[in-house]
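Protein chains in written order, with this note's numbering: chain A, 63 to 175; chain B, 121 to 859.
Encoded structure:
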């Protein structure tokens with residue numbers, strides 16, 4: 063199904079989804095590989111934006127209801143929440159830096175059981 | 121005219137008042153005023169008693185001074201102890217139904233006893249003021265004397281056996297206190313304890329006897345007893361009441377009851393085998409010996425037997441006579457050899473008490489109580505005389521230290537001689553000292569008893585006392601001769617001897633009584649008392665025998681018809697009686713009257729030169745052995761020690777062993793078992809309970825250990841895991857979707 067969709071010649075839903083999946087994978091890879099807390103935050107932003115792409119794409123293609131902008135609105139909410147999340151995360155990060163004089167998350171293992 | 125009972129009650133309470141006053145303020149009143157108070161109180165008692173006697177005699181029906189035969193005794197009772205139902209004779213009622221009486225019983229015997237006790241007590245009090253004046257506890261002495269006088273008078277006044285017992289114990293207590301008056305002396309405190317214990321042994325019997333009596337009747341008033349059990353002397357069972365409610369008092373129970381009560385008398389009146397306390401009691405001050413251990417308290421036993429006389433069975437009387445016989449013989453023999461003047465008098469007292477008991481046993485109620493009164497006079501005289509001697513000799517009591525004292529203390533010597541003659545029974549025909557009459561009464565009755573009882577063996581109750589009468593005269597005169605006659609054996613003691621008027625005035629008073637005691641109407645009073653007691657016996661129980669003549673016409677084992685016959689045919693018997701009396705009297709005049717001459721003469725001859733002749737006699741070995749045997753009091757103390765003290769020791773040791781090995785062993789075994797159980801419980805606690813607690817902790821630790829491995833604390837680890845799980849879930853979902 064996927065190949066049919068890609069092979070259609072024109073840019074369709076599948077293309078967006080692939081882009082979003084690549085973005086998602088990039089985000090996850092960033093989280094997993096970066097030891098810098100800032101990098102991890104960037105990775106999270108990537109994952110969130112991958113989701114936003116999906117939301118907007120799904121609003122444009124499979125659902126025929128013209129004029130409806132549910133997906134876009136949902137994406138805007140996500141952006142707002144991402145901003146809030148970034149603020150909280152940066153506050154935690156600053157405290158972490160104050161305590162450990164580093165932003166290396168490998169050092170943040172105080173929750174070890 | 122005040123009632124004699126009221127006067128006697130006052131006479132009883134006066135010494136109690138003096139006791140209370142001296143107890144509270146005695147020390148402050150001090151020496152000699154405490155003595156004066158005590159003496160005044162008891163002198164007041166004496167005056168009351170004499171007045172009571174006058175009023176008693178004057179209370180004839182026609183208001184004339186008569187010897188008052190057939191007067192009814194005064195009986196005043198109050199409800200005392202609730203006891204429930206009790207038996208009462210017809211015509212007699214308790215003060216309140218269901219209650220035991222507390223009563224005053226006054227008959228001629230009571231009155232006579234009161235006068236005797238108070239006159240002796242007054243003499244002793246007067247004597248003691250001088251005798252005890254150097255003593256540090258002078259007021260205490262008169263305190264005790266007051267308590268004693270109260271108790272003794274209460275004993276005589278009481279109308280129930282229980283009251284008798286209460287006062288009986290009180291006089292015993294006073295005796296204990298006064299024997300141990302000089303308790304710093306070990307021998308005195310030992311003697312006091314010995315007296316107390318010997319009396320306790322007797323009192324146990326008293327309680328048993330009282331228990332039997334009370335069990336049957338539920339009532340212990342003297343008149344009620346006379347009324348219900350008056351026919352005990354005939355020896356049969358007694359049935360009280362009729363029909364279904366009748367109570368049978370078997371003759372065996374009656375005998376046991378009598379013997380039980382007599383046991384108390386054995387203790388109190390120092391009869392064999394409980395006589396051992398009386399000689400030791402001489403450790404007390406001499407006035408105490410005179411009052412308590414010669415004249416009054418020791419006679420209480422005889423008084424008790426006199427009071428219960430009508431309810432004694434022939435068997436009980438025979439035992440009483442036998443005990444009296446043994447006592448009088450044994451004590452007289454021991455008295456011959458004693459060297460302590462008070463010990464001689466003590467054994468003489470025991471011997472005379474034996475005479476009284478013998479009299480009671482052979483049925484000579486008159487003789488026994490008459491001798492009690494006369495003996496009180498002359499023995500108090502002798503003891504106070506010995507007190508005067510001891511005082512003169514600066515508390516030297518040994519006869520070998522005396523001799524020739526008649527020149528230094530003539531009043532004492534004279535009055536003492538009067539006492540000796542009285543106890544020896546000086547007299548002939550109608551003239552004689554008091555002891556002559558009373559002893560002859562006893563012996564005449566004993567001879568009648570021997571004749572009437574039939575068997576030859578019963579003559580022993582006459583012959584032995586007659587022989588002892590000789591011995592009595594001998595040992596008493598020995599005592600006098602060694603003390604007052606001959607040459608002084610201790611010159612220093614002799615030179616310092618002196619006497620005091622305060623001390624010899626009571627001696628003179630008592631000497632007059634010892635001489636005239638046989639004439640002053642004691643006998644007639646006692647005869648009245650018999651009449652009065654008889655009045656309680658209802659007409660169908662007239663077999664109320666053996667009061668003034670002899671035992672009974674029957675002895676244990678013989679049928680009792682004769683008793684009934686003799687009552688029915690009293691008149692027919694009378695001639696027979698006269699003949700018997702004549703024969704008995706003849707025997708006594710023949711063999712007893714010379715006793716004092718022989719005894720006194722022999723003693724005077726032998727001891728006139730001190731111990732010269734007797735020392736020669738003691739070189740003869742068998743005599744020496746006999747002397748030692750008697751001097752050591754027939755080894756009865758040693759026998760008691762071996763039997764009772766030794767026995768008690770053995771029992772104590774056995775009890776100790778049982779305690780040590782059985783009781784302690786049991787306790788130890790239980791303790792050991794507890795230790796074992798505790799050990800097991802400890803093991804259980806340590807391994808089971810603690811194991812469960814620790815085990816659950818360890819289990820939690822183990823599970824936690826497993827769980828904590830995942831918690832690395834590294835964010836990327838968590839994310840990796842999350843993604844892996846998510847990816848796995850996706851793969852599974854895809855697989856499911858495609859399949």
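All C-beta atoms in this analysis are idealised placements derived from N, C-alpha and C, irrespective of residue type, glycine included.
Keep in mind the model is a prediction, meaning the values are calculated, not measured.
- If you compare the alpha carbons of 145/B, 175/B, 295/B with that of residue 264/B, the shortest gap goes to 295/B.
- Residue 344/B is positioned such that its CB atom lies closer than 8 Å to that of residue 212/B.
- According to DSSP, residue 220/B shares a beta bridge with 201/B.
- Counting only residues of its own chain and dropping the five nearest sequence neighbours on each side, residue 617/B has a CB closer than 7 Å to the CB of 512, 513, 525, 528, 529.
- Residue environment for residue 785/B: exposed (fewer than 16 other C-beta atoms within 10 angstroms of its C-beta).
- Here residue 712/B is not near residue 542/B, since their CB atoms are 8 Å or more apart.
- Taking the Cα of residue 326/B as reference, the smallest distance to any Cα among 274/B, 340/B, 385/B, 301/B is reached at 385/B.
- Of all residues in the stretch 835 to 856 of chain B, those with a C-beta nearer than 7 Å to a C-beta of chain A are 835, 836, 839, 840, 843, reading in chain order.
- Here residue 288/B is buried, its C-beta having at least 16 other C-beta atoms within 10 Å.
- With a cutoff of 8 Å on beta-carbon distance, residue 378/B and residue 436/B are scored as near each other.
- In the three-state reduction of the DSSP assignment, residue 368/B falls in the strand class.
- Taking 8 Å as the CB threshold, residue 817/B stays off the interface with chain A.
- Residue 119/A is positioned such that its CB atom lies no closer than 8 Å to that of residue 94/A.
- If you draw a straight line from the Cα of residue 631/B to the Cα of residue 556/B, it is about 14 Å long.
- Spatial neighbours of residue 208/B in its own chain (CB-CB distance under 7 Å, excluding positions within 5 residues in sequence) are listed in chain order as 214, 339, 344.
- Residue state for residue 551/B is assigned as strand, using DSSP reduced to three classes.
- Counting only Cβ-Cβ distances below 8 Å, residue 833/B has contacts in chain A at 170, 171, 172, 173, 174, 175, in chain order.
- Judged by DSSP in its simplified three-state form, residue 341/B adopts strand.
- Contact between residue 535/B and residue 505/B holds, with the beta-carbon distance rounding to 6 Å and staying under 8 Å.
- Taking the C-beta atoms as reference points, residue 640/B is found no nearer than 8 Å to residue 236/B.
- In chain order, 457 place their CB closer than 6 Å to the CB of residue 751/B, counting only its own chain and leaving out the 5 sequence neighbours on each side.
- Under the three-state reduction of DSSP, residue 601/B is assigned to helix.
- For residue 164/A, no alpha helix (DSSP H) encloses it, and the DSSP letter there is neither H nor E.
- Under the 10 Å beta carbon count, residue 481/B is surrounded by 16 or more other beta carbons and is classified as buried.
- Taking one beta carbon from each stretch, the stretch 725 to 745 of chain B and the stretch 617 to 627 of chain B have fewer than 3 pairs nearer than 8 Å; the two do not touch.
- In the structure shown, residue 151/B adopts coil according to DSSP, grouped into three states.
- Across the structure, residue 853/B and residue 140/A are spaced so that their CA atoms are roughly 26 Å apart.
- Secondary structure of residue 73/A (DSSP, three-state): coil.
- Looking only at 87/A, 82/A, 81/A, the smallest Cα-Cα distance to residue 847/B is reached by 87/A.
- Here residue 403/B is near residue 308/B, since their CB atoms are less than 8 Å apart.
- Look at residue 225/B here: in three-state DSSP terms it is strand.
- Among the residues of chain B, those whose CB is under 7 Å from the CB of residue 94/A are 836, 839, 840, following chain order.
- DSSP, reduced to helix, strand and coil, places residue 761/B within a helical segment of the structure shown.
- When the alpha-carbon of residue 217/B is set against those of 383/B, 224/B, 205/B, 710/B, the nearest one is in 205/B.
- Among the residues facing chain B, residue 131/A is not included, as its CB has no counterpart in that chain under 8 Å away.
- A distance of 8 Å or more separates the beta carbons of residue 471/B and residue 496/B.
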